[in-house]
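Top line first, the protein sequences correspond to chains A and B.
Here the first sequence is numbered in the numbering used here, starting from 1 and rising by one per residue.
Here the second sequence is numbered in the numbering used here, starting from 1001 and rising by one per residue.
Cβ atoms here follow ideal geometry from the backbone N, Cα and C, with glycine treated the same way.
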Amino acid sequence: MQKRFMAIWFRHLLTDGLALSQPGLKELPFVLVMPVKNRIVITASSSLAEQQGAFTGMAVADARAAVPELVAIDDTPGKAAKLLRLLGLWCIRYTPIVAIDLPDGLLLDISGCAHLWDSERGYLKEIVLKLRNAGFDARAAIADTPGAAWAVARFARASPIVPSGKQSQAIAGLPPAALRLEPEILERLQKLGFRTIGPLLSMPAPTLRRRFGTTLLTRLDQALGKINEVLVPIAPPVPYVERLPCLEPIRTAVGIEIAIEKLLSELCLRLQAEGKGLRKAVLKCIRIDGHTVQAGITTSRGSHSVSHLLKLFGLQIARIEPALGIELFVLEASKVEDMETVQEQIWAVDRGLADTALAELLDRVAGKVGAETIRRYLPAEHYWPERSVKVAASLTEEPQVAWPEQMRPIRLLHTPESIEVMALVPDNPPKIFIYKNKRHDIIKADGPERIGREWWRDGGQHRDYFIVEDSEGQRYWVFRSGHYDGGDARWYLHGYFA
Amino acid sequence: MVAAKRELIGKLQKDILQWEGYKPPAPGTGGLLGLGPIEAAFPNGVFPIAAVHELVCGSAEQAAAGSGFVTGILSTLLQQGGIGVWIGRSRQLFAPALSTFGIMPHKIIFISLHKDKDALWVMEEALKCAGLAAVVCEVGELDFKQSRRLQLAVEQSRVNGFVLRNASGKLNATACAARWQIKSLPSADLGGLPGLGFLRWQVELLKVRNGQTGKWVLEWQENRFVPVEELLISEERQVG
Chain A
1 MQKRFMAIWF RHLLTDGLAL SQPGLKELPF VLVMPVKNRI VITASSSLAE QQGAFTGMAV
61 ADARAAVPEL VAIDDTPGKA AKLLRLLGLW CIRYTPIVAI DLPDGLLLDI SGCAHLWDSE
121 RGYLKEIVLK LRNAGFDARA AIADTPGAAW AVARFARASP IVPSGKQSQA IAGLPPAALR
181 LEPEILERLQ KLGFRTIGPL LSMPAPTLRR RFGTTLLTRL DQALGKINEV LVPIAPPVPY
241 VERLPCLEPI RTAVGIEIAI EKLLSELCLR LQAEGKGLRK AVLKCIRIDG HTVQAGITTS
301 RGSHSVSHLL KLFGLQIARI EPALGIELFV LEASKVEDME TVQEQIWAVD RGLADTALAE
361 LLDRVAGKVG AETIRRYLPA EHYWPERSVK VAASLTEEPQ VAWPEQMRPI RLLHTPESIE
421 VMALVPDNPP KIFIYKNKRH DIIKADGPER IGREWWRDGG QHRDYFIVED SEGQRYWVFR
481 SGHYDGGDAR WYLHGYFA
Chain B
1001 MVAAKRELIG KLQKDILQWE GYKPPAPGTG GLLGLGPIEA AFPNGVFPIA AVHELVCGSA
1061 EQAAAGSGFV TGILSTLLQQ GGIGVWIGRS RQLFAPALST FGIMPHKIIF ISLHKDKDAL
1121 WVMEEALKCA GLAAVVCEVG ELDFKQSRRL QLAVEQSRVN GFVLRNASGK LNATACAARW
1181 QIKSLPSADL GGLPGLGFLR WQVELLKVRN GQTGKWVLEW QENRFVPVEE LLISEERQVG
């Protein structure tokens, strides 16, 4: 069967892509710019800007002279490849083989696909119209070879569909630039007076090779179909999903466990081969009564260990209601991450917080009683006791500042509790305090340690902290809120020392 | 004759310990915790590592004293870079205070649970995890079956377990290696100077498996325990 190819050209790929994400730009002449050799040069120009005279390759300052209201936006390299990949993935609905053709095009192998849209004309119209409706200024052409389609899409004024075997007629009238050549060769051809490809076709190959190198010959042969051109198709990402349909509906916990184990071993095999670890997974159980029951797990570190993940799911099995039976299990890993492969060790070496066993333990705990119960604390740069620690974001986060040196009570009350106090002299430590109807005679005391409020956060009184020891040897952290003479000085118990 | 008999009895006692699963300690492992005379109360004269200890705390003050004592032991156990897990009830433990006991608080993972059942489940799981250095758990009640489960987990993984029992009522029997009660004592006089001295506790061993119970006074001085000799009260009582 004769192969057919389609080339799509996006004339304003980058600017159209940007206008899609920032609709306000559509009405403005705007350009993407990048510094090149101390000049800010236009790398892509929107159609509006082009109409008014700002072209790719100009310096922005020159373009501004022509178009005063020109908007210049910094270009990010690699954007074109990303956009083309997305467009290519969209095109997979029309043909399975889509290749990216940098910097601004796509090449599609459409052999045997076009008849589904009645004809090649209908097929081309469908794709181009859809792309134009989406906001991309696209042109496309169909020919026997990718080279000819590429040339016709960009340079031909006539019909975009080249009949089979007629590539040489189609490209004969096009300029040499339609052959995808390097600028140096194009310049040489220009100097020698080759305005179109036609004269090149009738020249003997050795002459061309001697003057222009093999590239020109290869490109010519590719366009005419004498050499095959191989396209590198885009591979769409395959989602991490496993399905397990059951012949008989599953109703028992054991059955569910076996199903999960089967799905996990398939999934983990793939994860292992790709060096990935699972972070989040959802198990969907589709019952025969049409309802779907879900169970989800999360891990604190990527894992592809079947036994560990099965244990995590094992904690959830009790929550899966099979009712009349489950006929389909779908396991989807919604979040995976790259895993560093650790060499297996014969002797268990203490790896501290990086220990896999510890991460697995915490996953199990999180699965059973909830992740919010697990905390690690890091010092925060605040003197105010309630703010002096912050919760670590991850298991391996290290403190940025040192832990404070001051004596702090081992047990701190969430809210300071009011006590009645007697002190001999206003600023002395208390002599007696009464807490929960029990009188404590204070024998020894340290203090005061004044801790001021963070006035930029909240108003209120400072605290004067005392460490006191009563006659039984019990040690407390008490404080007076505010100055003694203020009248509103109140005493509180805030913690217990060991 | 008497000396020969005593030697024979001593040997028999050692044999019995070995049959019960107490291996004689490797030379140089004793006295690591610096508990001084307390260690002599344990079988073979070594503080039992890889066992579950139980601390009885009747009041909030005793809970604080018990937490302090456990933290002191933890600081030695965590010195090799291990990780500790502290299962608490209402997030009362104040992390910055641990640095006074020579522990980097970020090396401890805090888990807060309200139900005893959950706490004991988490503790058992944690005790099975051989990578940890120690697990501390605050619970209200602990019955024999639960303590036995903890002990079995510990025997496999060689992790140290500490249970802080907040119960004040009658104490039932457990399978723990030792039952402690820690009370705060007035700190030493600083020679007429104002202020508090070193933290001082009365450490009481209420029950020891195959060891001697007794009462001692300990101080926490510069990141280690220091026994206070003059107040030593020892009680000779054998508990099987």
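At the level of alpha carbons, what is the spacing between residue i and residue j?
{"i": "residue 1124 (chain B)", "j": "residue 1095 (chain B)", "result": "23 Å"}
{"i": "residue 179 (chain A)", "j": "residue 219 (chain A)", "result": "6 Å"}
{"i": "residue 134 (chain A)", "j": "residue 88 (chain A)", "result": "14 Å"}
{"i": "residue 1003 (chain B)", "j": "residue 1011 (chain B)", "result": "12 Å"}
{"i": "residue 1087 (chain B)", "j": "residue 1009 (chain B)", "result": "43 Å"}
{"i": "residue 1170 (chain B)", "j": "residue 259 (chain A)", "result": "48 Å"}
{"i": "residue 86 (chain A)", "j": "residue 100 (chain A)", "result": "10 Å"}
{"i": "residue 1224 (chain B)", "j": "residue 275 (chain A)", "result": "46 Å"}
{"i": "residue 373 (chain A)", "j": "residue 42 (chain A)", "result": "55 Å"}
{"i": "residue 377 (chain A)", "j": "residue 363 (chain A)", "result": "18 Å"}
{"i": "residue 1040 (chain B)", "j": "residue 1018 (chain B)", "result": "17 Å"}
{"i": "residue 355 (chain A)", "j": "residue 127 (chain A)", "result": "53 Å"}
{"i": "residue 1108 (chain B)", "j": "residue 420 (chain A)", "result": "36 Å"}
{"i": "residue 1153 (chain B)", "j": "residue 418 (chain A)", "result": "43 Å"}
{"i": "residue 268 (chain A)", "j": "residue 236 (chain A)", "result": "20 Å"}
{"i": "residue 239 (chain A)", "j": "residue 250 (chain A)", "result": "25 Å"}
{"i": "residue 1203 (chain B)", "j": "residue 1005 (chain B)", "result": "34 Å"}
{"i": "residue 187 (chain A)", "j": "residue 209 (chain A)", "result": "16 Å"}
{"i": "residue 1231 (chain B)", "j": "residue 1219 (chain B)", "result": "In this predicted model, residue 1231 (chain B) has a pLDDT of only 46, less than 50, meaning its place in the structure is not dependable; the value taken from the coordinates is given anyway. The alpha-carbon atoms of residue 1231 (chain B) and residue 1219 (chain B) are separated by roughly 12 Å."}
{"i": "residue 300 (chain A)", "j": "residue 1189 (chain B)", "result": "50 Å"}
Taking the DSSP output, what are the residues bridged to residue i?
{"i": "residue 465 (chain A)", "result": "A:449 and A:479"}
{"i": "residue 384 (chain A)", "result": "According to DSSP, which records beta bridges pairwise, residue 384 (chain A) is partnered with nothing at all."}
{"i": "residue 6 (chain A)", "result": "A:108 and A:142"}
{"i": "residue 1083 (chain B)", "result": "B:1132"}
{"i": "residue 470 (chain A)", "result": "A:442"}
{"i": "residue 412 (chain A)", "result": "A:495"}
{"i": "residue 298 (chain A)", "result": "A:280"}
{"i": "residue 1172 (chain B)", "result": "Its beta-bridge partners do not exist; DSSP assigns none."}
{"i": "residue 292 (chain A)", "result": "A:286"}
Taking the Cβ atom as the reference point for each residue, do residue i and residue j lie within a distance shorter than 8 Å?
{"i": "residue 1076 (chain B)", "j": "residue 1101 (chain B)", "result": "no"}
{"i": "residue 449 (chain A)", "j": "residue 465 (chain A)", "result": "yes"}
{"i": "residue 1199 (chain B)", "j": "residue 1068 (chain B)", "result": "yes"}
{"i": "residue 443 (chain A)", "j": "residue 1194 (chain B)", "result": "no"}
{"i": "residue 1159 (chain B)", "j": "residue 1127 (chain B)", "result": "yes"}
{"i": "residue 1037 (chain B)", "j": "residue 1216 (chain B)", "result": "yes"}
{"i": "residue 8 (chain A)", "j": "residue 153 (chain A)", "result": "yes"}
{"i": "residue 528 (chain A)", "j": "residue 324 (chain A)", "result": "As displayed, chain A neither begins before 1 nor continues past 498, which places residue 528 (chain A) out of reach and without an answer."}
{"i": "residue 441 (chain A)", "j": "residue 432 (chain A)", "result": "yes"}
{"i": "residue 390 (chain A)", "j": "residue 402 (chain A)", "result": "no"}
{"i": "residue 138 (chain A)", "j": "residue 131 (chain A)", "result": "yes"}
{"i": "residue 326 (chain A)", "j": "residue 246 (chain A)", "result": "yes"}
{"i": "residue 1055 (chain B)", "j": "residue 1066 (chain B)", "result": "yes"}
{"i": "residue 358 (chain A)", "j": "residue 1057 (chain B)", "result": "no"}
{"i": "residue 1089 (chain B)", "j": "residue 1138 (chain B)", "result": "yes"}
{"i": "residue 40 (chain A)", "j": "residue 65 (chain A)", "result": "no"}
{"i": "residue 185 (chain A)", "j": "residue 212 (chain A)", "result": "yes"}
{"i": "residue 451 (chain A)", "j": "residue 407 (chain A)", "result": "no"}
{"i": "residue 499 (chain A)", "j": "residue 124 (chain A)", "result": "Here chain A comprises residues numbered 1 to 498, so residue 499 (chain A) is not present and cannot be evaluated."}
{"i": "residue 31 (chain A)", "j": "residue 72 (chain A)", "result": "yes"}
Using the Cβ count rule (16 or more neighbours within 10 Å means buried), how would you classify residue i?
{"i": "residue 166 (chain A)", "result": "exposed"}
{"i": "residue 1144 (chain B)", "result": "exposed"}
{"i": "residue 414 (chain A)", "result": "exposed"}
{"i": "residue 228 (chain A)", "result": "exposed"}
{"i": "residue 1114 (chain B)", "result": "exposed"}
{"i": "residue 425 (chain A)", "result": "exposed"}
{"i": "residue 202 (chain A)", "result": "exposed"}
{"i": "residue 1183 (chain B)", "result": "buried"}
{"i": "residue 437 (chain A)", "result": "exposed"}
{"i": "residue 473 (chain A)", "result": "buried"}
{"i": "residue 159 (chain A)", "result": "exposed"}
{"i": "residue 492 (chain A)", "result": "buried"}
Original post:
Is it a yes or a no for the region 93-111 of chain A touching the region 146-165 of chain A, going by three-plus beta-carbon pairs under 8 Å?
Top reply: yes
**OP:** Report yes or no: do the region 208-227 of chain A and the region 250-261 of chain A share at least 3 C-beta pairs separated by less than 8 Å?
**Re:** These segments do not touch.
Subject >> Cβ contact check for the region 327-342 of chain A and the region 277-295 of chain A: 3 or more pairs under 8 Å >> reply: Three or more pairs of CB atoms, one per stretch, sit closer than 8 Å, so the region 327-342 of chain A contacts the region 277-295 of chain A.
Subject >> contact_flag[the region 1171-1179 of chain B, the region 1132-1148 of chain B] where n(CB pairs < 8 Å) is 3 or more >> reply: yes
Original post:
Do three or more CB pairs link the region 70-82 of chain A to the region 33-48 of chain A at distances below 8 Å?
Top reply: yes
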